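Here the structure is laid out as C-alpha coordinates; the discussion comes afterwards.
In the working numbering, the protein residues as written are 1 to 229.
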(Lines of atoms letter the chains of each structure in order from A and count residues from 1; the text may use other names and numbers.)
(Lines give C-alpha, C1' and ligand atoms only; values in the text may rest on other atoms or scores of the structure.)
Protein backbone atom coordinates (compact mmCIF):
# COMPACT_ATOMS: atom_id res chain seq x y z
CA UNK A 1 0.00 0.00 0.00
CA UNK A 2 1.38 3.40 -1.00
CA UNK A 3 2.42 5.68 1.83
CA UNK A 4 0.47 8.90 2.13
CA UNK A 5 2.46 12.09 1.76
CA UNK A 6 2.05 14.98 4.20
CA UNK A 7 0.25 17.00 1.53
CA UNK A 8 -2.12 14.13 0.76
CA UNK A 9 -2.88 13.69 4.47
CA UNK A 10 -3.53 17.43 4.80
CA UNK A 11 -5.88 17.34 1.81
CA UNK A 12 -7.81 14.35 3.14
CA UNK A 13 -8.16 16.04 6.53
CA UNK A 14 -10.00 18.96 4.92
CA UNK A 15 -12.60 16.80 3.17
CA UNK A 16 -15.51 15.36 5.12
CA UNK A 17 -16.16 12.09 3.28
CA UNK A 18 -19.63 11.85 4.81
CA UNK A 19 -20.72 15.29 3.65
CA UNK A 20 -22.24 16.47 0.40
CA UNK A 21 -21.15 19.99 -0.49
CA UNK A 22 -22.95 22.70 -2.42
CA UNK A 23 -21.44 22.96 -5.90
CA UNK A 24 -19.67 26.28 -5.31
CA UNK A 25 -18.32 25.06 -1.96
CA UNK A 26 -17.06 21.88 -3.60
CA UNK A 27 -15.29 23.91 -6.28
CA UNK A 28 -13.63 26.08 -3.63
CA UNK A 29 -12.57 23.03 -1.64
CA UNK A 30 -11.00 21.32 -4.67
CA UNK A 31 -8.86 24.40 -5.22
CA UNK A 32 -7.89 24.42 -1.55
CA UNK A 33 -6.80 20.77 -1.39
CA UNK A 34 -4.77 20.77 -4.63
CA UNK A 35 -1.04 21.00 -3.95
CA UNK A 36 0.44 20.31 -7.38
CA UNK A 37 3.11 22.64 -8.71
CA UNK A 38 1.43 22.62 -12.12
CA UNK A 39 -2.02 23.91 -13.08
CA UNK A 40 -3.97 20.71 -12.47
CA UNK A 41 -7.13 19.80 -14.36
CA UNK A 42 -10.46 19.79 -12.53
CA UNK A 43 -12.66 16.80 -13.32
CA UNK A 44 -16.29 15.95 -12.77
CA UNK A 45 -17.58 12.39 -12.32
CA UNK A 46 -21.31 11.79 -12.59
CA UNK A 47 -22.70 8.34 -11.82
CA UNK A 48 -25.87 7.76 -13.82
CA UNK A 49 -28.71 5.33 -13.26
CA UNK A 50 -28.44 3.81 -16.73
CA UNK A 51 -27.34 0.51 -18.24
CA UNK A 52 -24.80 1.39 -20.98
CA UNK A 53 -25.09 -2.14 -22.36
CA UNK A 54 -28.52 -1.16 -23.67
CA UNK A 55 -28.40 0.97 -26.82
CA UNK A 56 -31.30 3.15 -25.70
CA UNK A 57 -29.49 4.02 -22.45
CA UNK A 58 -26.13 5.00 -23.96
CA UNK A 59 -25.71 8.62 -22.87
CA UNK A 60 -23.48 10.68 -25.13
CA UNK A 61 -23.48 14.39 -25.76
CA UNK A 62 -21.67 17.66 -26.27
CA UNK A 63 -21.48 20.74 -24.10
CA UNK A 64 -19.89 24.13 -24.52
CA UNK A 65 -18.33 25.10 -21.22
CA UNK A 66 -18.97 28.80 -20.49
CA UNK A 67 -15.36 29.27 -19.35
CA UNK A 68 -13.67 26.74 -21.62
CA UNK A 69 -11.46 23.89 -20.46
CA UNK A 70 -8.30 25.89 -19.83
CA UNK A 71 -6.46 23.47 -22.09
CA UNK A 72 -4.66 24.19 -25.33
CA UNK A 73 -6.73 21.94 -27.61
CA UNK A 74 -4.84 20.61 -30.63
CA UNK A 75 -7.21 20.25 -33.58
CA UNK A 76 -6.61 18.30 -36.77
CA UNK A 77 -8.94 18.97 -39.72
CA UNK A 78 -9.12 16.33 -42.42
CA UNK A 79 -10.72 18.09 -45.37
CA UNK A 80 -10.68 18.75 -49.09
CA UNK A 81 -8.25 21.40 -50.43
CA UNK A 82 -11.00 24.02 -50.88
CA UNK A 83 -11.69 23.98 -47.12
CA UNK A 84 -8.09 24.07 -45.91
CA UNK A 85 -7.73 27.85 -45.65
CA UNK A 86 -11.05 28.17 -43.79
CA UNK A 87 -9.88 25.60 -41.25
CA UNK A 88 -6.53 27.35 -40.80
CA UNK A 89 -8.17 30.76 -40.39
CA UNK A 90 -10.49 29.27 -37.73
CA UNK A 91 -7.48 28.17 -35.68
CA UNK A 92 -6.89 24.53 -36.64
CA UNK A 93 -3.43 23.31 -35.66
CA UNK A 94 -3.11 20.74 -38.45
CA UNK A 95 -4.93 20.75 -41.80
CA UNK A 96 -4.77 18.30 -44.69
CA UNK A 97 -6.04 14.90 -45.75
CA UNK A 98 -4.05 12.12 -47.37
CA UNK A 99 -0.73 13.02 -45.73
CA UNK A 100 -2.31 13.01 -42.25
CA UNK A 101 -4.22 9.80 -42.92
CA UNK A 102 -0.87 8.19 -43.76
CA UNK A 103 0.72 9.62 -40.60
CA UNK A 104 -2.11 8.26 -38.46
CA UNK A 105 -1.82 4.84 -40.10
CA UNK A 106 1.82 4.87 -38.99
CA UNK A 107 0.81 5.64 -35.40
CA UNK A 108 0.69 9.44 -35.14
CA UNK A 109 -2.17 10.64 -32.92
CA UNK A 110 -0.67 13.76 -31.30
CA UNK A 111 -3.96 15.72 -31.33
CA UNK A 112 -6.94 16.20 -29.02
CA UNK A 113 -9.78 16.51 -31.55
CA UNK A 114 -10.16 15.47 -35.19
CA UNK A 115 -12.72 17.22 -37.38
CA UNK A 116 -13.63 16.08 -40.87
CA UNK A 117 -16.23 16.39 -43.64
CA UNK A 118 -18.94 13.90 -44.68
CA UNK A 119 -17.48 13.76 -48.19
CA UNK A 120 -14.15 12.33 -46.99
CA UNK A 121 -15.46 9.92 -44.32
CA UNK A 122 -14.90 7.02 -46.71
CA UNK A 123 -11.16 7.69 -46.40
CA UNK A 124 -11.24 8.55 -42.69
CA UNK A 125 -13.37 5.54 -41.81
CA UNK A 126 -10.49 3.12 -42.22
CA UNK A 127 -8.72 4.83 -39.30
CA UNK A 128 -11.38 3.63 -36.87
CA UNK A 129 -9.27 0.86 -35.34
CA UNK A 130 -6.58 3.43 -34.47
CA UNK A 131 -8.71 6.43 -33.53
CA UNK A 132 -11.62 4.61 -31.89
CA UNK A 133 -9.74 3.34 -28.80
CA UNK A 134 -8.28 6.84 -28.31
CA UNK A 135 -11.71 8.49 -28.52
CA UNK A 136 -10.51 10.52 -31.52
CA UNK A 137 -12.77 9.12 -34.23
CA UNK A 138 -14.89 11.91 -35.79
CA UNK A 139 -18.60 11.46 -35.17
CA UNK A 140 -21.60 13.39 -36.54
CA UNK A 141 -23.27 13.25 -33.09
CA UNK A 142 -20.37 15.15 -31.54
CA UNK A 143 -20.28 17.70 -34.35
CA UNK A 144 -16.88 16.58 -35.62
CA UNK A 145 -18.19 15.39 -39.00
CA UNK A 146 -19.57 18.49 -40.68
CA UNK A 147 -19.34 20.43 -43.96
CA UNK A 148 -18.70 23.61 -41.91
CA UNK A 149 -15.27 22.70 -40.55
CA UNK A 150 -14.42 26.31 -39.67
CA UNK A 151 -17.40 26.59 -37.31
CA UNK A 152 -16.54 23.26 -35.70
CA UNK A 153 -12.95 24.35 -35.08
CA UNK A 154 -14.06 27.61 -33.47
CA UNK A 155 -16.50 25.77 -31.18
CA UNK A 156 -13.88 23.27 -30.01
CA UNK A 157 -11.36 26.03 -29.38
CA UNK A 158 -14.00 27.94 -27.39
CA UNK A 159 -14.62 25.06 -24.97
CA UNK A 160 -16.93 22.57 -26.69
CA UNK A 161 -16.39 19.06 -25.33
CA UNK A 162 -17.68 15.60 -26.18
CA UNK A 163 -18.47 13.05 -23.46
CA UNK A 164 -20.10 9.66 -23.13
CA UNK A 165 -21.00 7.27 -20.36
CA UNK A 166 -18.48 4.49 -19.72
CA UNK A 167 -19.32 0.82 -19.24
CA UNK A 168 -19.80 1.35 -15.49
CA UNK A 169 -22.39 4.08 -15.99
CA UNK A 170 -20.12 7.04 -15.18
CA UNK A 171 -19.55 10.25 -17.11
CA UNK A 172 -15.99 11.51 -16.56
CA UNK A 173 -14.70 14.71 -18.11
CA UNK A 174 -12.45 17.68 -17.40
CA UNK A 175 -14.21 20.98 -16.74
CA UNK A 176 -11.34 23.40 -16.22
CA UNK A 177 -8.15 24.09 -14.31
CA UNK A 178 -7.35 24.70 -10.65
CA UNK A 179 -6.36 28.25 -11.65
CA UNK A 180 -10.03 28.92 -12.50
CA UNK A 181 -12.11 30.74 -9.90
CA UNK A 182 -14.60 28.68 -7.86
CA UNK A 183 -17.42 30.39 -9.78
CA UNK A 184 -15.93 29.39 -13.14
CA UNK A 185 -15.50 25.76 -12.04
CA UNK A 186 -19.03 25.64 -10.61
CA UNK A 187 -20.58 27.17 -13.73
CA UNK A 188 -18.75 24.73 -16.01
CA UNK A 189 -19.90 21.82 -13.82
CA UNK A 190 -23.48 23.09 -13.83
CA UNK A 191 -23.43 23.16 -17.64
CA UNK A 192 -22.45 19.47 -17.72
CA UNK A 193 -25.23 18.57 -15.27
CA UNK A 194 -27.80 20.56 -17.25
CA UNK A 195 -26.73 18.85 -20.48
CA UNK A 196 -26.97 15.41 -18.86
CA UNK A 197 -30.47 16.16 -17.62
CA UNK A 198 -31.52 17.02 -21.17
CA UNK A 199 -30.05 13.72 -22.37
CA UNK A 200 -31.89 11.49 -19.88
CA UNK A 201 -33.05 8.36 -21.73
CA UNK A 202 -36.79 7.76 -21.51
CA UNK A 203 -36.08 4.10 -20.71
CA UNK A 204 -33.94 4.94 -17.64
CA UNK A 205 -35.81 4.04 -14.45
CA UNK A 206 -35.26 5.21 -10.88
CA UNK A 207 -32.77 7.89 -9.88
CA UNK A 208 -30.99 9.21 -12.97
CA UNK A 209 -28.15 11.28 -11.48
CA UNK A 210 -26.96 9.15 -8.58
CA UNK A 211 -23.81 10.96 -7.52
CA UNK A 212 -21.60 13.88 -8.53
CA UNK A 213 -18.01 14.42 -7.45
CA UNK A 214 -15.36 17.01 -8.24
CA UNK A 215 -11.63 16.43 -8.02
CA UNK A 216 -8.37 17.70 -9.45
CA UNK A 217 -5.60 15.66 -11.03
CA UNK A 218 -4.16 14.59 -7.66
CA UNK A 219 -6.76 15.63 -5.07
CA UNK A 220 -9.29 13.58 -3.11
CA UNK A 221 -12.82 13.58 -4.52
CA UNK A 222 -15.38 16.01 -3.11
CA UNK A 223 -19.00 14.86 -3.19
CA UNK A 224 -21.52 17.38 -4.49
CA UNK A 225 -25.06 17.69 -3.11
CA UNK A 226 -26.94 16.95 -6.32
CA UNK A 227 -30.21 18.22 -4.83
CA UNK A 228 -28.74 21.74 -4.87
CA UNK A 229 -27.70 21.69 -8.51
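Glycine included, C-beta positions come from ideal geometry on N, C-alpha and C.
Quick caveat, the model's predicted, so the values are computed rather than measured.
Using a Cβ-Cβ cutoff of less than 6 Å, which residues in the same chain neighbour residue 195 once the five nearest sequence positions on both sides are dropped?
Taking the first residue of the chain shown as position 1, residue 195 is located at position 195. Closer than 6 Å at Cβ, skipping near neighbours: 61 and 63.
Taking the continuous beta strand (DSSP E) assigned at residue 181, which residues delimit it?
For the purposes of this step, residue 181 is identified with residue 181 of the chain shown, where counting begins at 1. Element bounds for residue 181: n/a, residue is neither H nor E.
In the DSSP assignment, the alpha helix (DSSP H) including residue 24 goes from what residue to what residue?
The residue you call residue 24 lines up with position 24 of the chain shown. Looking at the DSSP string, the run of the alpha helix (DSSP H) that includes residue 24 is 23-32.
Below 8 Å on the Cβ atoms is my contact criterion, and I expect residue 50 with residue 204 to pass it. Report the Cβ-Cβ distance as a whole number of Å.
For the purposes of this step, residue 50 is taken as the residue at position 50 of the chain shown. For the purposes of this step, residue 204 is taken as the residue at position 204 of the chain shown. At roughly 5 Å, the Cβ-Cβ gap stays under 8 Å, so residue 50 and residue 204 are in contact.
Residue 103 by DSSP, collapsed to three states: which one?
Translated into the one-based positions of the chain shown, residue 103 becomes position 103. Three-state DSSP puts residue 103 in a helix.
Measure the C-alpha to C-alpha separation of residue 158 and residue 191 and round it to an integer number of angstroms.
Against the chain shown, residue 158 aligns to sequence position 158. Against the chain shown, residue 191 aligns to sequence position 191. Each residue's alpha carbon lies about 14 Å from the other.
Assuming residue 46 and residue 161 form a contact by the criterion Cβ under 8 Å, report the distance between their Cβ atoms to the nearest whole angstrom.
To locate residue 46, count along the chain shown from 1; it is residue 46. To locate residue 161, count along the chain shown from 1; it is residue 161. About 14 Å separates the two Cβ atoms, so there is no contact after all.
CA-CA distance, residue 102 and residue 132?
For the purposes of this step, residue 102 is taken as the residue at position 102 of the chain shown. For the purposes of this step, residue 132 is taken as the residue at position 132 of the chain shown. Looking at the two C-alpha atoms, the distance is approximately 16 Å.
Measure the beta-carbon distance from residue 124 to residue 138 and round it to whole angstroms, keeping in mind my assumption that it falls under 8 Å.
Position 124 of the chain shown, counted from the first residue, corresponds to residue 124. Position 138 of the chain shown, counted from the first residue, corresponds to residue 138. Confirmed, Cβ separation roughly 6 Å.
Smallest Cα separation from residue 206: which of 219, 57, 8 and 166?
In the chain shown, the residue the question calls residue 206 occupies position 206. Of 219, 57, 8 and 166, the residue nearest in Cα terms is 57.
Any contact between the segment 162-176 and the segment 4-11? By contact I mean 3 or more CB pairs, one from each, below 8 Å.
With the cut-off at 8 Å, the segment 162-176 and the segment 4-11 do not touch.
In terms of residue numbering, what span does the alpha helix (DSSP H) encompassing residue 130 cover?
Position 130 of the chain shown, counted from the start, is the residue given in the question as residue 130. Unbroken alpha helix (DSSP H) run through residue 130: 128-131.
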